[in-house]
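Read in order, the letters of the sequence shown are residues 0 to 125 in numbering that gives the first Met the number 0. Everything on this sheet refers to the single structure shown next.
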Amino acid sequence: MATDQLSVVFAALADPTRRAILARLAEGPATVNEIAEPFAMTLPAVSKHLKVLERAGLISRGRQAQWRPCTLEAEPLRAASEWMNHYRVFWDRRFDRLDAHLEKLARSSGTGTGSAGPARAGGSGV
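Shown next as structure tokens:
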């Protein structure tokens, strides 16, 4: 089992159900029943997903009378985003070098002008 926080966060994000739960909580706090509503699974199964998200620090559970609303905690997502951004810079540089190489090939073969095409179509591809 992963012990560093970033690994725990990525392990929690690896499951599509947990990502859907986070997307729901991005709209605002919700109870377990509200979170479970769109899923075809039992409340105990949803609770297990919530425990994984809570251990990763991605959600917190409060207490208001008999309600225990879940709330999105953004800090671990920011840390994961910063880690990924380092690699986005790496891949952007790689794509820029590929673009330059493809343009050079296109010029030397006498075909086309400007951008080499699909390597950069739609942004960085990351």
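For every residue, glycine included, the Cβ atom is placed at its ideal position computed from N, Cα and C.
Are there 16 or more other CB atoms within 10 angstroms of the CB of residue i, so buried, or fewer, so exposed?
i	result
Val51	buried
His85	exposed
Arg17	buried
Leu21	buried
Arg92	exposed
Could you check how far apart the C-beta atoms of residue i and residue j are, in whole angstroms? I think they sit under 8 Å.
i	j	result
Ser59	Thr70	5 Å
Leu5	Ala78	6 Å
Val31	Leu24	That belief does not hold up - the Cβ atoms of Val31 and Leu24 are roughly 12 Å apart, past 8 Å.
Going by C-alpha distance, which of the options is nearest residue i?
i	options	result
Ala132	Ala19, Glu53, Pro28	Outside the shown range of the chain, which is 0 to 125, sits residue 132, and nothing can be said about it.
Met83	Phe9, Asp3, Pro37	Phe9
Trp66	Glu33, Leu12, Ala105	Glu33
Glu74	Leu12, Arg62, Arg87, Gly56	Gly56
Ala11	Asp98, Arg62, Phe94, His48	His48
Glu26	Lys103, Glu72, Asp95, Leu97	Glu72
In the DSSP assignment, what are the bridge partners of residue i?
i	result
Arg60	Cys69
Ala29	Cys69
When you compare the CB positions of residue i and residue j, do they come within less than 8 Å of one another, or not?
i	j	result
Ala35	Val45	yes
Val7	Arg62	no
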